[in-house]
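The next block holds one structure in the form of structure tokens; read it before the comments.
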Amino acid sequence: HMPASRLGRLVLAAILTLPALAAARGQHHPQLDRQLAAGGETIAALDGWASVPTDALPQGTTGGAAALPERWHIVTNRAELVAALAFPDATPKRVYIKGVIDANVDDAGQPLSCESYYRADPATGELYSPEAFLAAFDPAGPWGRVEPSGPQESARAASASAQQARVRIRIPANTTIYGIGERPTVRGAWFDIRPSSTSGNTPMNVIIRNINFEDTVDCFPEWDPTDGSAGNWNAAYDSISVRNATHVWIDHNRFADVRSDDATLPVLFGRLYQVHDGLLDITNASDYVTVSWNVFRNHDKTMLIGSSDSASADRGKLRVTLHHNHFDDIGQRAPRVRFGQVHVYNNYYEVQSDTPFGYAWGVGVESQLYAENNYLEIEAPFGAADVIDEFNGTRLTDTGNCLDAGSRRHGKCELTDFVGAWNAANDPDLVNDAGWTPTLYGRQGAADKAKHVRHDVLKNAGPRDPRGNCH
């Protein structure tokens, strides 16, 4: 435990530093001071799995709360962000994002287009070209349905590596990243929360709050002609990925495809040229994660929890809580779960008739998903039987969830047996018992009734502006 005298000096230094940081940017006013102070908040007791004390983190997830004032940084561009994070330095730090930070820029801050990343095959010197790639690997042509290889595939991979070097932002342990000012935005970036080691998991202790994440785009998705009956384009980057990491809190953010909406993408080889992967994926034995009060909008593969059916190292881990999030116009994976004990409660799902909706809750191998008191507003042609899909899983708990069948009267949300609806339309049946009972509900001590969730989430989810209002 820190001596009281030293703790007092640190607290005093922190208080004095708030206006100093603001004044350094010429913006000293109470609203900014309040936002800077919020960057030192830690997760509340019992607020989902990320709040659980462990030997490594006896107070649960604290992020950069213990950062000394000299490790508080306001950043406005990619170069400042990378320098402030200083991966893999685990010294506690707070990084405040102001304005729009674009990851697709060069060292001088000048914008980079997809063409800027074109590279050559190292063996032949042949430069990547989309036209040459499509001509070489057209499944209807001589190449057929065989995985790509040769100069254009090597050039594509080299180009992808060049982009990854710009958009991948490594997040070190004991860090809080918090957005300040009007509409703090990170565009085109992949926030990679992962230790240097790729085995087991590490107490990363990371908090990410109050940020708009937009348009994480892979300029060079892989073509896999053997993926499904018709092949698929597979993109590489998530807006946030949590891998081999424990103790992570993702709170009051907004994730969306804005300029890169799937509706704007071409169809190539008969398949959507998909440049997006996940918005927030939690994999590779990660553990003790809470995802709260976020907005996930206009995206297909929203949230994957669990690496693969064969990832036995995930067994007994992947404990994740999702609460009070808004899933709006999403296609699937909200979430899709393997192995983990995942508590999904008091979330608002909004599915409109023209949404390319597949399912919300994916029941994967050995998953223990507990879906409780969620509000699902679903317009025809979609219905209760579409909420769940099964991916080699056998069970989940469905309790207290309600269905507003597109009435738009908001309050006509009827308690619905979603497992029963799935079982009536599919075989084999799912068991309505995840095999465990959640206890981590924060201050309220229990889930709110589903009928109240829509209003609460619409009012309070997403980033907050300097006045404390969600926007």
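Under our numbering, the first residue of the sequence shown is numbered 17, with each subsequent residue one higher. Even for Gly, the Cβ is constructed at its ideal location relative to N, Cα and C.
Secondary structure of residue i, DSSP reduced to three states
| i | result |
| --- | --- |
| Tyr194 | strand |
| Arg480 | strand |
| Trp159 | coil |
| His268 | coil |
| Val291 | coil |
| Val473 | helix |
| Arg87 | helix |
| Tyr133 | helix |
| Thr410 | coil |
| Asn485 | coil |
| Arg41 | In this prediction, Arg41 has a pLDDT of 49, which is less than 50 and means its spatial position is unreliable; nothing more can be read from the coordinates. |
| Ser257 | strand |
For residue i, the first and last residue of its enclosing alpha helix (DSSP H)
| i | result |
| --- | --- |
| Gly14 | Past the boundaries of the shown model lies residue 14; the chain is included only from 17 to 487, so the question cannot be answered. |
| Asp49 | Pro46 to Ala54 |
| Gly125 | Note, Gly125: premise wrong, no alpha helix (DSSP H); not H, not E. |
| Gly170 | For clarity, residue 170 is Ser in the given sequence; the question names Gly instead. Unbroken alpha helix (DSSP H) run through Ser170: Pro167 to Val183. |
| Phe312 | Unbroken run through Phe312 is the beta strand (DSSP E), Val311 to Lys317; no alpha helix (DSSP H). |
| Glu96 | Arg94 to Leu101 |
Candidates the options: closest to residue i by CA position
| i | options | result |
| --- | --- | --- |
| Gly204 | Cys418, Asp449, Tyr304 and Val274 | Val274 |
| Thr140 | Ile209, Leu150 and Gly166 | Gly166 |
| Asp208 | Gly197, Ile196, Phe285 and Ile185 | Ile185 |
| Gly347 | Arg182, Gly374, Asp449 and Ile113 | Gly374 |
| Arg488 | Leu73, Ser129 and Pro108 | With the chain covering 17 to 487 only, the question about residue 488 has no answer from this structure. |
| Gly332 | Val379, Trp206, Ser383 and Asp345 | Ser383 |
| Glu147 | Gln126, Asp370 and Arg172 | Arg172 |
| Asn190 | Ala151, Gly79 and Ala261 | Gly79 |
| Asn300 | Cys235, Phe229, Asn221 and Asn217 | Asn217 |
| Leu128 | Ala99, Pro155 and Arg94 | Arg94 |
| Pro479 | Asp345, Asn341 and Leu431 | Asn341 |
| Phe407 | Cys418, Ala396 and Asp443 | Asp443 |
| Ala246 | Ser276, Arg287 and Asp330 | Arg287 |
| Gly125 | Val98, Tyr134, Ala151 and Asp105 | Val98 |
| Val202 | Asp231, His89, Ser212 and Ala151 | Asp231 |
| Phe355 | Asp414, Ala83, Ser302 and Glu131 | Ser302 |
Distance between residue j and residue i (C-alpha atoms, nearest Å)
| i | j | result |
| --- | --- | --- |
| Ala174 | Val360 | 39 Å |
| Gly399 | Ala421 | 7 Å |
| Thr416 | Val353 | The sequence shown places Gly at residue 416, not Thr. Their Cα atoms are separated by approximately 20 Å. |
| Asn8 | Gln368 | Residue 8 lies beyond the stretch modelled for the chain, which goes from 17 to 487, so this question has no answer here. |
| Val183 | Pro372 | 28 Å |
| Gln290 | Phe149 | 16 Å |
| Glu96 | Asp464 | 41 Å |
| Asp405 | Leu412 | 11 Å |
| Ser326 | Ser215 | 15 Å |
| Pro200 | Ile117 | 8 Å |
| Asn250 | Asp49 | 43 Å |
| Leu101 | Ala387 | 36 Å |
| Leu143 | Trp452 | 54 Å |
| Asn228 | Pro188 | 20 Å |
| Trp377 | Val403 | 6 Å |
| Arg483 | Asn362 | 25 Å |
| Lys467 | Asn448 | 21 Å |
| Pro241 | Pro164 | 9 Å |
| Trp206 | Thr410 | 33 Å |
| Val435 | Ala450 | 12 Å |
| Arg135 | Asp293 | 22 Å |
| Leu446 | Ala156 | 40 Å |
| His45 | Ser323 | 45 Å |
| Val381 | Thr455 | 23 Å |
Same chain, Cβ closer than 7 Å to residue i, five either side skipped, listed in chain order
| i | result |
| --- | --- |
| Leu295 | Asp254, Ser255, Phe271, Phe312, His315, Thr318 and Met319 |
| Leu73 | Pro219, Asn221 and His263 |
| Pro282 | Tyr289 |
| Tyr133 | Ser175, Ala178, Gln179 and Cys235 |
| Arg335 | Trp65, Asp303, Tyr304, Gly356 and Gln357 |
Proximal residues to residue i (C-beta, below 6 Å), its chain only, five neighbours per side dropped
| i | result |
| --- | --- |
| Asp267 | Arg225, Ser308 and Trp309 |
| Pro351 | Met319 and Ile321 |
| Ala265 | Per the sequence presented here, residue 265 reads as Trp, with Ala not at that position. Here the set comprises Ile59, Ala66, Thr77, Ile223 and Thr306. |
| His17 | For His17, the predicted structure reports a pLDDT of 41, less than 50, and the residue's modelled location is therefore unreliable. A value from the coordinates is still provided. Once the five neighbours on either side are set aside, His17 has no close Cβ partner at all. |
| Ser170 | Asp137 |
| Trp159 | Phe153 |
| Gly115 | Thr92 |
| Ala437 | Ala400 and Ala401 |
| Ile196 | Gln51, Tyr112 and Lys114 |
| Phe343 | Phe312, Ala350 and Tyr365 |
| Tyr194 | Gly55, Tyr112, Arg225 and Asn226 |
Residue span of the beta strand (DSSP E) that contains residue i, given as start and end
| i | result |
| --- | --- |
| Gln357 | Gln357 to Tyr361 |
| Trp438 | No beta strand (DSSP E) holds Trp438; the alpha helix (DSSP H) holding it covers Phe434 to Ala441. |
| Pro146 | Where Pro146 is concerned, there is no enclosing beta strand (DSSP E), although the alpha helix (DSSP H) it sits in stretches over Pro146 to Phe153. |
| Ala387 | Gln384 to Glu388 |
| Gln348 | His342 to Gln348 |
| Asp303 | Asp303 to Ser308 |
Beta-carbon contacts of residue i that lie in its chain and below 8 Å, excluding the five residues immediately before and after
| i | result |
| --- | --- |
| Arg470 | Tyr364, Tyr391, Glu393, Asp420, His426 and Cys429 |
The ligand NAP heavy atom lying under 7 Å from the CB of residue i
| i | result |
| --- | --- |
| Asp325 | As presented, the structure is devoid of all ligands, the ligand NAP included, so that no description of it is given. |
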